[in-house]
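Residue numbers (UniProt numbering): 1 to 979.
By construction, the Cβ of each residue, glycine as well, lies at the ideal position given by its N, Cα and C atoms.
These numbers come from a predicted model, not from an experiment.
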């Protein structure tokens, strides 16, 4: 019988997919790639879904549930997919509301009430509400990516819950659909409305009658068993059904984790955006002492009260996640962050000072007050980076969720933390960092559970059972924010008792009698050690690779498993990551989605064709290799490297796309073209011939072919003066100026400008005598063995430079990034590779570090700057260049515009043009349109300049070297006139 059922299953799923496509207005995806992308969330668990439905409207989502009901298949509603307890993965049909169901239905700006669809992201909603003066109250640390529907499902909180409560406190009404197809608006229910519902009869009356019976039958248990604390998220909100809470069915459904209903629309009570706020950071001897101070701080009605320990700070500093913020912390080994709102800044600052004065009379405490928005943002970013900082501690075991958000009464938090520390020590988990929403007694941590061995899993189970008993002893909740899901569902009897859990089971049976809504979570849960993503059966395929992956135990399987699923790559607000997701809103085009596919590829049971996988190839195809994830991802996923590795193996001993030969080998073609640049330019820009060339080379028809320079930079440099002539001015020693393929062959004037700047600063400029290359284009197209040969020749050519520790200035950020990161990972263990990595500088970085006394020319102008993605992600950012321009007198704005969209060969390749332009239209092009017409436009990357020239034709982008050289020329002319 089992074999027959197995034979029928693919046919059944095919039939379901066909029915869904016929009846649902949405995207229906039952392919291996889509199933792989949704196989897990931010938890320890993995359950491959049956398929994925992306409805275009809430009504389409309801219809999808109806189709699944006819086939008796389970359903899981999913928003941002950032759940930490396993709520958002299941062997079900996943309904992803986050792509299309993102509309705001209405906003009452007088009453502060909004009706929204479930897929809209919190930050997107708040951005659209900002002009009205209203916002959603709760703000989880995943605010860039979490969806309102998911926040309702999880009863989300965040730091702002101190002032505004949990999501249950923001929900007024919900439009919901049950598995059996009942659609209804639910909210508070007075006696008359309740009577009318019962008189109408039908399924709705059945549900309301059943809920009333549960509320009446368990009222005393609810009042006695539910802890009276601010952060009780565990269990169903049956307390909302009590008479004193207006039999509020909507609030009762908040936090039900897709196990009872699906949310179609939500009516939310908004809160006023604070007029001003001040952030006070208080330093303490240890984390328990900081927790002891919480009651005294609460007397001052803070809007947020967060705690973090020295361990978190040490980890963040070692990983450079929040260095600016950490420099602003007062003395101590643990800290409280206290936000105080005011009617204006003076009022907020006065409250801050008054609180500090009062605390110093009671406590020994150091303090810092921040009211500058930039400084506050940096410190909050440090707190929100907690998960990323603690997931992979350097040179230590990886950590996991599983007991990461318990909550206790705030006035007992200090004692609880001392006992919890003792418990961690008893299980030898003592290195765990502790932080969280201390004003509401909620503690976050990630613990070094060993989940790959039976012994480690048993130890994990024993620990969380002991931890549950400890939290209940303190009158707390197993979950104070992240919900129960699978991590804590099995432990609910410890907290609530069997009778109260029986009430949860009756509630589940009332809404979902056949257990088809997210089964196995909260009620009748899977065991907490089932379905582990890295369990005792975890045995990934260990693949030979070209990159070394030194931070992942030199194993590609570890790199593929690095993503922890928090979904920052699904944000639209700031940073570089992830441009293709911003353009497509597709899970598989996010860093997280791609990481999931790679994880499943090395697992080998969903994606079975390894490096040859078309599903993985298609997901990686729109990766721009911007490397934004290397810095912006909380756990440093490096998808650009993974893509290059995959492409190498995918096309090994196979014919590649023509763009890999045209764009990938451009250093060679450019060298040949400069023999007759005029003839080549004429051919590549002649109508008809140009079209044929682009078609043959796999280049997008919409792209302009770049013009080759009349004279290469290296030729100009050799001919500019007799060999051995020294530059004028005091000498600071030699510097090698790297002649990258773009400057050398297309824009030699940038190299010439850099020579002028470096010589003005007193350096003797050298340029390699032999043709050299960093191998960038071969790396980005996955031609890694060619890249290695190129890089080895380059190291040989640079041997004298490397032996004398001569600095190497690289004008193209992507080439500098190769030397800093790709080179030592491709030629791991080669000492010259590591030397070059350390000797490589950008122009701004070099001048700041090696010539700090040099005074740049004064330039009176405004400027907007498009920072290169690789400079943001791999190098030291744009801080040195920003300061250099400020010293030069420029009023410069560094755009937070993400990737320009061209990204080397990506935007030139056929089939990528639309996505490339969409990336530029996200923020870059609107920012350029808004800039003053006479503002300078700076872009150090060849791709960035090319994209700007093509899509913003009225702008003339310049390299930093050109701006400084022009200033030097003007200064020189002025000196001549003065003389």
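Burial state of residue i, where buried means 16 or more other Cβ atoms lie within 10 Å
i, result
"residue 11", "exposed"
"residue 541", "exposed"
"residue 577", "buried"
"residue 539", "exposed"
"residue 181", "exposed"
"residue 272", "exposed"
"residue 464", "buried"
"residue 217", "exposed"
"residue 97", "buried"
"residue 829", "exposed"
"residue 25", "exposed"
"residue 675", "exposed"
"residue 200", "exposed"
"residue 596", "buried"
"residue 174", "buried"
Own chain residues within Cβ distance below 6 angstroms of residue i, not counting five before or after
i, result
"residue 454", "536"
"residue 288", "414, 417, 418"
"residue 794", "772"
"residue 717", "767"
"residue 1027", "For the chain, the structure presents residues 1 to 979; residue 1027 sits outside this window and is missing."
Those residues which DSSP pairs with residue i across a bridge
i, result
"residue 276", "342"
"residue 175", "185, 265"
"residue 368", "281"
"residue 40", "46"
"residue 139", "158"
"residue 477", "407"
"residue 304", "339"
"residue 78", "96"
"residue 983", "Shown here, the chain extends from 1 to 979; a query on residue 983 therefore has no answer."
"residue 55", "26"
"residue 309", "334"
"residue 840", "808"
Span of the beta strand (DSSP E), counted from its first residue to its last, around residue i
i, result
"residue 763", "763 to 766"
"residue 224", "Residue 224 -> not in any beta strand (DSSP E); alpha helix (DSSP H) instead, spanning 219 to 225."
"residue 814", "Where residue 814 is concerned, there is no enclosing beta strand (DSSP E), although the alpha helix (DSSP H) it sits in stretches over 813 to 817."
"residue 541", "Premise fails: residue 541 is in no beta strand (DSSP E) and is neither H nor E."
"residue 892", "891 to 894"
"residue 822", "Looking at the DSSP string, residue 822 is not in any beta strand (DSSP E), and its letter there is neither H nor E."
Segment limits, alpha helix (DSSP H) that includes residue i
i, result
"residue 779", "776 to 780"
"residue 711", "Taken as a continuous stretch (DSSP letters only), residue 711 belongs to no alpha helix (DSSP H), as it is neither H nor E."
"residue 442", "Here residue 442 belongs to no alpha helix (DSSP H); instead the beta strand (DSSP E) covers 442 to 444."
"residue 29", "No alpha helix (DSSP H) holds residue 29; the beta strand (DSSP E) holding it covers 26 to 29."
"residue 888", "Segment: none, residue 888 is in no alpha helix (DSSP H) and carries neither H nor E."
"residue 982", "This structure cannot settle anything about residue 982, because the visible part of the chain is limited to 1 through 979."
Reduced DSSP category for residue i - H, G, I as helix; E, B as strand; rest coil
i, result
"residue 738", "strand"
"residue 45", "strand"
"residue 750", "helix"
"residue 18", "helix"
"residue 121", "strand"
"residue 431", "coil"
"residue 244", "helix"
"residue 963", "helix"
"residue 466", "helix"
"residue 909", "strand"
"residue 863", "strand"
"residue 449", "coil"
"residue 669", "helix"
"residue 830", "coil"
"residue 105", "strand"
"residue 936", "strand"
Chain-order list of residues whose beta-carbon lies under 7 angstroms from that of residue i (same chain, five-residue window excluded)
i, result
"residue 552", "558, 559, 562"
"residue 488", "85, 234, 478, 479"
"residue 932", "862"
Beta-carbon contacts of residue i that lie in its chain and below 8 angstroms, excluding the five residues immediately before and after
i, result
"residue 198", "205, 208, 209"
"residue 100", "26, 54, 55, 56, 57, 119"
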